[in-house]
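Asks: Starting off with a structure, shown below.
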Amino acid sequence: MPMIKLIDYGTPDAASDMTVTLTIDGREISVAAGTSIMRAAALAGTEIPKLCATDSLEAFGSCRLCLVEIDGRAGTPASCTTPAAEGMVVRTQTETLKRLRNGVMELYISDHPLDCLTCAANGDCELQDMAGAVGLREVRYGYDGENHLAEAKDESNPYFTFDPAKCIVCSRCVRACDEVQGTFALTIAGRGFGSKVSPGQGQPFMDSDCVSCGACVQACPTATLIEKSLIEIGQPERSVVTTCAYCGVGCTFEAQMRGEQVVRMIPYKDGKANQGHSCVKGRFAWGYATHRERILNPMIRDTITDPWREVAWNEAIAHTTQAFKRIQERHGRLAVGAITSSRCTNEETFLVQKLVRAGYGNNNVDTCARVCHSPTGYGLRTTYGTSAGTQDFISVDQADVIVIIGANPTDGHPVFASRMKQRLRAGAHLIVIDPRRIDLVRTPHVEADFHLPLRPGTNVAVLTAMAHVIVTEDLANEDFIRDRCDADEFHDWAAFVARPEHSPEAIEATCGVPAGDLRAAGRLYATGGNGAIYYGLGVTEHSQGTTAVMAIANLAMVTGNIGREGVGVNPLRGQNNVQGACDMGSFPHELSGYRHISDEATRSMFEADWGVALDDEPGLRIPNMLDAAVDGVFKALYIQGEDILQSDPNTHHVSAGLAAMECVVVQDLFLNETANYAHVFLPGSTFLEKDGTFTNAERRIQRVRKVMTPKNGYGDWEITQLLANAMGLGWAYDHPSQIMDEIARLTPTFAGVSFARLDELGSIQWPCNDAAPQGTPVMHIGGFARGKGKFVVTEYVPTDEKIGPRFPLLLTTGRILSQYNVGAQTRRTANVVWHDQDVLEIHPTDAEDRGVREGDLVRLNSRAGEVALHARITDRVAPGVVYTTFHHPDTQANVITTDYSDWATNCPEYKVTAVQVSLANGPTGWQRRSGELSHQSRRIMREPAE
Amino acid sequence: MSASDEDHIATTSDERLVVMANQIARFFASQPGDAAAGVAKHIAAYWDPRMRAHIRAHAAAGGAGLDPIASDGVAALTR
Amino acid sequence: MPFAHWNADRAAAIVAAQANREGALLPVLHALDHAFGHVPDAAVPIIAQALNLSRAEVHGVISFYHDFKTTPPPPHVLKLCRAEACQARGGEAMAARTLARLADRADIAIEAVYCLGLCASGPAAMFDGRLAARLDDDRLTAIVEAAG
Amino acid sequence: MVARVYVPGDAAAVAVGADEVAAALAAVAARLSTPIEIIRNGSRGMFWLETLVEVETPQGRIGYGPIEAPEVPDLVAAGLFDGAPHAKRVGRPDEIPFLARQTRLTFARCGVIDPGSLDDYRGHGGLKGLERARDLGMIGILDEVTASGLRGRGGAGFPTGIKWRTVAEAVADRKFVVCNADEGDSGTFADRMIMEGDPFVLIEGMIIAGLAVEASYGYVYIRSEYPHAIAALERAIVTAREAGLLGAAFDLEVRAGAGAYVCGEETALLDSLEGKRGVVRVKPPLPAHKGLFGKPTVVNNVLSLAAIPFILAEGAAAYRTFGMGRSRGTMPIQLAGNIRRGGLYETAFGVTLGELVEDIGGGTWSGRPVRAVQVGGPLGAYFPPSLFDTPFDYEAFAARDGLIGHGGVVVFDDSVDMARQARFAMQFCAVESCGKCTPCRLGAVRGTEVIDKIITGQDVAANLSLVEDLCHTMKLGSLCALGGFTPYPVMSAITHFPEDFGARRTMAAE
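In structure tokens:
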């Protein structure tokens, strides 16, 4: 596997249907109108020298290396900024140009260190390449003139260095930060010869607004901004394209390797989800894969108070299998189950549910999507017929009004947020519906038209009020409704939303949002052109999560904002493979492709393929498993790649459930919090160590490619296969591609998917079958998957979790950019420098009432439990609302959350908990005990070496 | 695991099932058509047999706490 | 004109008064400079917040323009025109002598300016905002001395 | 009868004591209980006569100059208020040959009227152009301006009519008219004079431009080194708004620069107006298509816009009668530097450089021989007297590796060291470079260093050749005129004055 080499065309693709034909160095080429001469030349195979141009950024025209001569035109225009024109005759190599380019390079090198041989970028430096390309042989200015060689390095960022002595002031970093990432953390300060790249106000990177997305490093043509890992390890020798294992955006990366060592992860320009962009997690936070705390050997223990004992794989597998068999013999077939992972591949997930259904003989399988997007599946399936978002990410480029509800894209889905910001800067309108003032409400060059800071738990009321405005002000898209939706259901719904009690004026008191804003937001969404709704867990993680999803679906239908580019209903998935885990039949009631287990035809197809009879009854969902465990009837659980103790609500209840089981098997990279209650620990593999596929939030199936040997010995799919075969299932998968073939065979929406096809197309958005051989970027074009779109009446039913004298504040939770989920991975990287603890955001008024000052340790308690954490006083949250993240096990926000859940799916109500805040003098009893338990559970007895 | 110094929720599984059934009932109550049938269909599709057995048993024992529509829905369960 | 001491609240009010203009940054910076005689680093976050710009952008702009200083100016500022028309009338020699003569005057900042538009009446200068042309050493000294 | 006395409020007059003169006049008149009205007019542009005091008499306005405040009591005693004879009496200003020989179209009112009085402006033919423009309508205006042959007076000489038509044809929700009043070239002051002496002509020109392209708003970007001009124009805008000339349909505001020569480049100016670093943009897109805030924008120099009212009032034909070749109309030329009669000289294109310097300007102020003349500001070439036959015309100057730029003519006597001037050109470029493009950002500093080596006699031949290569790189490679034209003064100095570049030293060494 050599290094992948992508052509840099110098300027972005010009989107035009018209073509022009020009001649470059005697060769004729036809290109889209608006294409730069530089890009046209690159398309024709001629590389014009360049330094400030790169095809991820708009042409800038500053380096002056790419000048060309054009017949009939005076001077030497820059090829990057001059569009190709019909009949143009361009020369890229003439004596004048050679002299000119030589002159420019001579100037560059007169202010550049002459340390190529010891420079980390040696061999991968565009300045070096260009000096060669123009044939520079001598710098006649000498090296004693004014220069920048004594400028100090900035090593403040943990992942990259900034060495201004090597800077050629091409502004690529600044432009990348502005155009691609949209943070505007960098500038050129000063002017003329004194111009220099400056983070923030001339500060170190870490003191600036930099979010460490890596776009500047990616854009830098020299060693000025360069990964510390590259400096340490040296230039890579091979590279492999793979998919990030963090969030639901699904960025494609080129893993650049030196031997078995990752040198760096480079965002892949041809990646459809990220288009060459990245965030601090995917780009830099992969060091957990080799973290010293990673567990590489299987371990078992008899009780959870024992230390762990390292064992061989065969012993661990046999031990587990015996325990499960014993438990099923003693407590019945239904006493065991499994949890699939939204972080593992589709193939791995598919195998776990297959193990449960075919091996354990029940349907007790669930996935962590239960606790995040299960309402999305239910709600969108009910209304539209498909349990998935309707658009691809790039669709946002066509959106005119963007509505964000209960999502914080700049933290949760940063790479997509950057794309969204590009569109917002280009003029799209923005409505943010969120209790907290997320960054997108107002961030440089982006400002929401409306921020509706609703009281947590009132999404449905707000969405219905917006629908009321649309229906009562005659803003409904009648043509769309007539052609595409069920008329009776529409009329029932329209009559429902039109009732006076759903008017913004009536709802105002409930949701706390001024009626005028509700009306204006409803009008804007209905009349502002293409309206696209993006939502996250702030919609789903409520007792009315499913109702809210359906309310969103209603809004999109009533305005006709569905079935084309630029519109749609877009769930932003939390983890890398939430969509995939759901698709793969991880839910206890359905097989892959969202087909109910009771459906005879589907079941029999699986039975025939697998050669076993399947239970036709739905199995247990995660909370039900825990309830059943507490009841003493559910005894063994195989958990692949999840940390339910930390991630699931009402930690006390989770721990009680786990503690009640006889055999808890945790398969993970690290001894996580759930493993404190485990009897078997199976070391898992990272995404770098296995083949497979992830499916991102836009239904895009992408390849995960093995770049190194699994340090634990097996990919996760192999471990599941070992367990299955110990159960006597006789599986014989040699490669995950065979698993995908099986999925395709058994799942109509995946019928056209195979590894070969993925390699060929790069990625595929399901459905992919004979009807859509290239996949389906945008769904419901021309008609809904279910036929007619279904309007659903969305009565607002307030949660039973209510504030009162004891718990007068509402806690809502979220995530932060640098950390991921329970932090298992990110906490084991340098990302902790950005967020080393979870803090409680509290409004100044509420803080003052309680005598809380910035940074104080406070006690946060609810009916469910209490934790202590530090306070941050901010008006990002409204009075009466507090907010925290759940990335750190020592603060365990989920000790606080309750076991209230969505009516339809049991998705927990993480986002609304009545709490009280008071000053604390130390950690709570629970925090102390769980800390002790974790400590105890990290004891490992190693076999003496033979 | 003891948590005696903390006042956290301690509901039994049956209590939870009643809460869940009532939540489902409150949704279907607002829908056009037969609410009880909707409840029954939903529970049949998503609850495992043991949970269904428990709620039926609870209903049979007087159905303490069950909303009328939830009760009707449970009664309409065929399995 | 004496400048006010830096005051964040007053600065915020000055910024707010200009913030709704299109492309407000230069007017904002001029207004701050007018009030405080300089635009300190502490002003940057205030401006950035009000105009919805990043701190880096504001810093980049301040550092680009010669007019904006980040530290308080001395009581007097003498801007000597150093451009060609004044050079042609002995401006450079006069500037050199002036710089030498006033070298120990900490209360006067002497800056180069490139053209004050008085090119037929050089050498020219601006002292504390007032123009002077047809200068020679005596006239320049008189102007500076008059200010104390 | 109240005596009307004119004391210029123009910055160049104020800089030589006009305020003090006005105050002294008021004080003396008060002491004598003579009722006078002092009008702070603009300057006539005869700066050697400033402060030029004029008194209205039955014989017309009689001038006295140059006057300093201490002379005032004497002058008054001698009968200044009646236009009585005095050693400083210069007679009717418009009969002074310097003024009498001019063709003042744009500057017709400058120095004559009260720049603060719209009535005075109207009384001297102001607003006739606007009236006719309103009658002609958009297409008519465009045709008229195109037919006049007016070319941009900022330096590039682009036909104004074509630029306007491009903006007029662009489709957008908003369009702008931007006046480039960032007059940074040393040796130029015409923009400043108009803004201080006849601001309404600029306002009228901008309103007409707005009509022609359907723009709703205009900005005048004035360099901060021109506080008087900023104040004068701001006052005039308020007056025009009160009179209903400006308002809902088209309004104007002044924006001050902040010390950046490069903002005189139109795209850098637009970025500066947008509140950004004044960095040069690439073209395309042209400002006419995508200018201020991304909208189609007319960017014109003060003199171009100030020429418009005449063209509209008197017709294109009246304007294009003047001039030569493709350079039509008049050019307000500014005579500056070491010159006896420095000032504003508006004349038809075609006058030769020699006529301007020797005849009109009267040779050097120092009385020494003229050695070099820099035409067109810091980016213009240095011409030796041997090229004094060059006619003032865009093409004629270009043919001799020069440019007329904004019409500034800076005269140097024989004490000038042309190597120092070449070095200054590079240094100025280094000081004022925006820093975007490499040839300018790095080249200007290296150029200064290399010329320093030449001045100190190091490897003169090799370094001269390096300067020549560098100038090639800067000229062809720079993004804008700052870096691109800096080679003009440098190479013209080397070409025309080789003896100042170590040639003597080299010969002495031989």
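Residue numbers (the numbering used here), protein chains in the order written: chain L, 1 to 946; chain W, 1001 to 1079; chain U, 2001 to 2148; chain F, 3001 to 3510.
Beta carbons: idealized from backbone N, C-alpha and C, even for Gly.
Predicted model only: the values in this text are computed from it and were never measured.
#1: Just curious, the beta strand (DSSP E) that glycine 3205 (chain F) is in, first and last residue?
#2: If you check the beta carbons only, do isoleucine 1069 (chain W) and alanine 1044 (chain W) fall under 9 Å apart?
#3: Can you give the Cα-Cα distance for alanine 732 (chain L) and threonine 383 (chain L), rounded to whole angstroms?
#4: Kindly confirm or deny that the segment 816–824 of chain L and the segment 512–519 of chain L touch, where touching means at least three C-beta pairs closer than 8 Å.
#5: Could you check whether the segment 130–141 of chain L touches the segment 189–206 of chain L, counting it as contact only if at least three pairs of C-beta atoms, one from each stretch, sit closer than 8 Å?
#6: Look up glutamate 1006 (chain W) in the DSSP assignment and say whether it is helix, strand or coil.
#7: Kindly identify the DSSP beta-bridge partner or partners of proline 3159 (chain F).
#8: In the segment 3388–3429 of chain F, which residue ranges form an unbroken alpha helix (DSSP H) of at least 4 residues, counting only runs that do not cross its ends?
#9: Leaving out the 5 sequence neighbours to the left and right, which residues in its chain are closer than 6 Å to cysteine 3480 (chain F) when beta-carbon positions are compared?
#10: Answer yes or no: does any C-beta atom of chain F fall closer than 9 Å to that of leucine 2116 (chain U)?
#11: Quick check on the burial criterion: 16 or more other C-beta atoms within 10 angstroms. Buried or exposed for histidine 888 (chain L)?
#12: Would you say serine 198 (chain L) lies against chain F (beta-carbon separation less than 9 Å)?
#13: Taking a contact to mean a Cβ-Cβ separation below 9 Å, would you say asparagine 894 (chain L) touches asparagine 650 (chain L) in this structure?
#14: If tyrosine 3221 (chain F) sits next to aspartate 3182 (chain F), beta carbons under 8 Å apart, how far is it from one beta carbon to the other, in whole angstroms?
#15: For alanine 318 (chain L), collect the residues of the same chain with a Cβ closer than 8 Å to its Cβ; drop the 5 residues on either side in sequence, then sort them by chain order.
#16: Find the nearest neighbour of glycine 1073 (chain W) within the set W:Asn1022, W:Arg1016 and W:Asp1048, judged by alpha-carbon distance.
#17: Should arginine 3504 (chain F) be flagged as near chain L, meaning a C-beta pair shorter than 9 Å?
#18: What does the Cβ neighbour count give for proline 908 (chain L), buried or exposed, with the cut at 16 atoms within 10 Å?
#19: For serine 341 (chain L), which of helix, strand or coil comes out of DSSP?
#20: Give me the residue from F:Val3431, F:Pro3498, F:Cys3437 and F:Asn3300 with the minimum Cα distance to leucine 3464 (chain F).
#21: Please list the terminal residues of the continuous beta strand (DSSP E) segment that includes isoleucine 639 (chain L).
#22: Closer than 7 Å between beta carbons: that is the criterion. Which residues of the segment 493–526 of chain L meet it against chain W?
#23: Which bits of chain U does alanine 3336 (chain F) rub up against, with CB to CB less than 7 Å?
#24: Which class does aspartate 1067 (chain W) belong to by DSSP, given the choice of helix, strand or coil?
#25: Confirm, please, whether the CB-CB distance from phenylalanine 2064 (chain U) to glycine 2037 (chain U) is below 9 Å.
#26: Going by C-alpha distance, which of F:Ile3062, F:Ile3067, F:Ser3043 and F:Glu3037 is nearest glutamate 3020 (chain F)?
#27: Relative to the alpha-carbon of threonine 709 (chain L), which residue among L:Asn346, L:Val867, L:Gly61 and L:Lys690 has its alpha-carbon at the smallest distance?
#28: Is histidine 596 (chain L) close to chain W, meaning its C-beta is less than 9 Å from at least one C-beta of that chain?
#29: Identify, in the order they occur along the chain, each residue of the same chain with its Cβ nearer than 6 Å to the Cβ of threonine 320 (chain L), setting aside the five sequence neighbours on each side.
#30: Answer yes or no: the CB of glutamate 310 (chain L) versus the heavy atoms of the ligand ZN, is any distance below 8 Å?
#31: How many whole angstroms separate the CB atoms of threonine 3103 (chain F) and alanine 3348 (chain F), which I take to be in contact at a CB cut-off of 8 Å?
#32: Which residues in chain W sit within 7 Å of glutamate 795 (chain L), going by Cβ to Cβ distance?
#33: At a CB-CB cut-off below 9 Å, which residues of chain W make contact with asparagine 576 (chain L)?
#34: Give the range of the alpha helix (DSSP H) segment to which serine 3272 (chain F) is assigned.
#35: Residues in its own chain within less than 7 Å of leucine 3136 (chain F) by CB, not counting five upstream and five downstream?
#36: Taking a cut of 7 Å between CB atoms, which residues from the segment 2021–2055 of chain U lie near chain L?
Replies: This is what the structure gives:
#1: The residue labelled residue 3205 (chain F) in the question sits at position 205 within the fourth sequence. Here glycine 3205 (chain F) belongs to no beta strand (DSSP E); instead the alpha helix (DSSP H) covers 3199–3213.
#2: The count along the second sequence starts at 1 and reaches residue 1069 (chain W) at position 69. The count along the second sequence starts at 1 and reaches residue 1044 (chain W) at position 44. Not in contact: isoleucine 1069 (chain W) and alanine 1044 (chain W) (Cβ atoms no closer than 9 Å).
#3: As a first step, residue 732 (chain L) must be located in the first sequence, where it is residue number 732. As a first step, residue 383 (chain L) must be located in the first sequence, where it is residue number 383. When rounded, the distance between both Cα atoms is 40 Å.
#4: Taking a cut-off of 8 Å on C-beta distances, the segment 816–824 of chain L does not touch the segment 512–519 of chain L, as fewer than three cross pairs fall below it.
#5: Too few Cβ pairs lie closer than 8 Å, so no.
#6: Along the second sequence, read from residue 1 onward, the residue named residue 1006 (chain W) stands at position 6. Residue placement at glutamate 1006 (chain W) is poorly supported in this model, since its pLDDT is 40, which falls under 50; the coordinates still yield a value, given next. Reduced to three states, the DSSP call for glutamate 1006 (chain W) is coil.
#7: For this step, residue 3159 (chain F) is matched to residue 159 along the fourth sequence. For proline 3159 (chain F), which the question treats as bridged, DSSP gives the partners F:Arg3151.
#8: Segments of the alpha helix (DSSP H) lying fully in the segment 3388–3429 of chain F: 3394–3399.
#9: One-based indexing of the fourth sequence puts residue 3480 (chain F) at position 480. Excluding residues within five positions, the ones whose Cβ falls inside 6 Å are Glu3265 and Val3280.
#10: Here residue 2116 (chain U) refers to the residue found at position 116 of the third sequence. Output row for leucine 2116 (chain U): interface = yes.
#11: In the first sequence, counting from the first residue as 1, residue 888 (chain L) sits at position 888. Classification of histidine 888 (chain L): buried, given that the 10 Å Cβ count is 16 or more.
#12: Sequence index remark: in the first sequence, residue 198 (chain L) carries index 198 (1-based). For serine 198 (chain L), no Cβ of chain F is located within less than 9 Å of the residue's own Cβ.
#13: As a position in the first sequence, residue 894 (chain L) is number 894, starting the count at 1. As a position in the first sequence, residue 650 (chain L) is number 650, starting the count at 1. At a Cβ-Cβ threshold of 9 Å, asparagine 894 (chain L) and asparagine 650 (chain L) count as neighbours.
#14: One-based indexing of the fourth sequence puts residue 3221 (chain F) at position 221. One-based indexing of the fourth sequence puts residue 3182 (chain F) at position 182. About 6 Å separates the beta carbon of tyrosine 3221 (chain F) from that of aspartate 3182 (chain F), a gap short enough to meet the 8 Å contact definition.
#15: By 1-based counting over the first sequence, the position of residue 318 (chain L) is 318. Excluding positions up to five away in sequence, the list reads Ala726.
#16: Indexing the second sequence from 1 puts residue 1073 (chain W) at position 73. Of the listed residues, the one whose Cα sits closest to glycine 1073 (chain W) is W:Asn1022.
#17: Here residue 3504 (chain F) refers to the residue found at position 504 of the fourth sequence. Below a pLDDT of 50, predicted positions are generally treated as unreliable, and arginine 3504 (chain F), at 46, falls in that range; the measurement from the model is reported next regardless. False, the Cβ-Cβ gap to chain L never drops below 9 Å.
#18: Walking along the first sequence from the start, residue 908 (chain L) turns up at place 908. When all chains shown are included, proline 908 (chain L) counts as buried.
#19: Position 341 of the first sequence, counted from the start, is the residue given in the question as residue 341 (chain L). Judged by DSSP in its simplified three-state form, serine 341 (chain L) adopts coil rather than helix or strand.
#20: Position 464 of the fourth sequence, counted from the first residue, corresponds to residue 3464 (chain F). Comparing C-alpha distances from leucine 3464 (chain F) to each of F:Val3431, F:Pro3498, F:Cys3437 and F:Asn3300 shows the shortest one belongs to F:Pro3498.
#21: Here the question's residue 639 (chain L) lines up with position 639 in the first sequence. Start and end: 636–640.
#22: For the segment 493–526 of chain L, the beta-carbon criterion of a distance under 7 Å to any beta-carbon of chain W is satisfied by none of its residues.
#23: By one-based count along the fourth sequence, residue 3336 (chain F) stands at place 336. Within chain U, the residues near alanine 3336 (chain F) are Ala2085, Cys2119 and Ala2120.
#24: Residue numbering aside, residue 1067 (chain W) sits at position 67 when the second sequence is read from its first letter. For aspartate 1067 (chain W), the secondary structure class from DSSP, reduced to helix, strand or coil, is coil.
#25: One-based indexing of the third sequence puts residue 2037 (chain U) at position 37. One-based indexing of the third sequence puts residue 2064 (chain U) at position 64. No, they are not a contact pair.
#26: Here residue 3020 (chain F) refers to the residue found at position 20 of the fourth sequence. If you compare the alpha carbons of F:Ile3062, F:Ile3067, F:Ser3043 and F:Glu3037 with that of glutamate 3020 (chain F), the shortest gap goes to F:Ile3067.
#27: As a working note, residue 709 (chain L) is residue 709 in the first sequence. Comparing Cα-Cα distances from threonine 709 (chain L) to each of L:Asn346, L:Val867, L:Gly61 and L:Lys690, the minimum goes to L:Lys690.
#28: As a position in the first sequence, residue 596 (chain L) is number 596, starting the count at 1. So, interface residue.
#29: Counted from its first residue, the first sequence places residue 320 (chain L) at position 320. Contacts found: Val665 and Val680.
#30: What this structure holds is no ligand at all, so the ligand ZN is not there to describe.
#31: Working through the fourth sequence from its first residue, we reach residue 3103 (chain F) at position 103. Working through the fourth sequence from its first residue, we reach residue 3348 (chain F) at position 348. Threonine 3103 (chain F) to alanine 3348 (chain F), Cβ: 5 Å. Contact.
#32: Position 795 of the first sequence, counted from the start, is the residue given in the question as residue 795 (chain L). The answer, in chain order, is Ser1030.
#33: Numbered from its first residue, the first sequence carries residue 576 (chain L) at position 576. Those do not exist, as asparagine 576 (chain L) stays about 26 Å from chain W at its closest Cβ, beyond 9 Å.
#34: As a position in the fourth sequence, residue 3272 (chain F) is number 272, starting the count at 1. Run containing serine 3272 (chain F): 3266–3273, per the alpha helix (DSSP H) assignment.
#35: Taking the fourth sequence and counting its residues from 1, one reaches residue 3136 (chain F) at position 136. These residues qualify, in order along the chain: Glu3144.
#36: The segment 2021–2055 of chain U vs chain L, Cβ under 7 Å: Asp2041, Val2044, Asn2052, Leu2053, Ser2054 and Arg2055.
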